[in-house]
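One structure is given below, encoded as structure tokens.
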Amino acid sequence: PFRSFDDIAARTKLQNPKKVMTSRIIDEIREDVKRWLFVRPPKRDEEERDRPHPPRR
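Below you can see the structure in the form of structure tokens.
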């Protein structure tokens with residue numbers, strides 16, 4: 051695990067990890083992502099929950 055943003059910058063190729071992570075969190079809050087890393091996904095509404103799902107492959 052990383053201990054700080056400086057540790058992330060030293061051990062990876064990210065020059066400004068604080069800016070990158072902040073941007074990612076904002077994107078997740080706005081629901082513009084496929085994968086949720088830092089923010090809990092929003093709850094689905096009842097209508098969406100009741101809709102039948104396609105079979106898994």
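In the numbering used here, the protein residues as written are 51 to 107. In this text, a Cβ means the ideal position worked out from N, Cα and C, and glycines have one as well.
Counting along the chain, the unbroken alpha helix (DSSP H) around Pro-67 starts and ends at 67 to 79.
For Asn-66, there are no CB contacts under 7 Å within the same chain when 5 residues up- and downstream are skipped.
In this structure, Glu-78 keeps its C-beta atom at 8 Å or more from the C-beta atom of Leu-64. The Cβ-Cβ distance between Phe-52 and Lys-68 does not fall below 8 Å.
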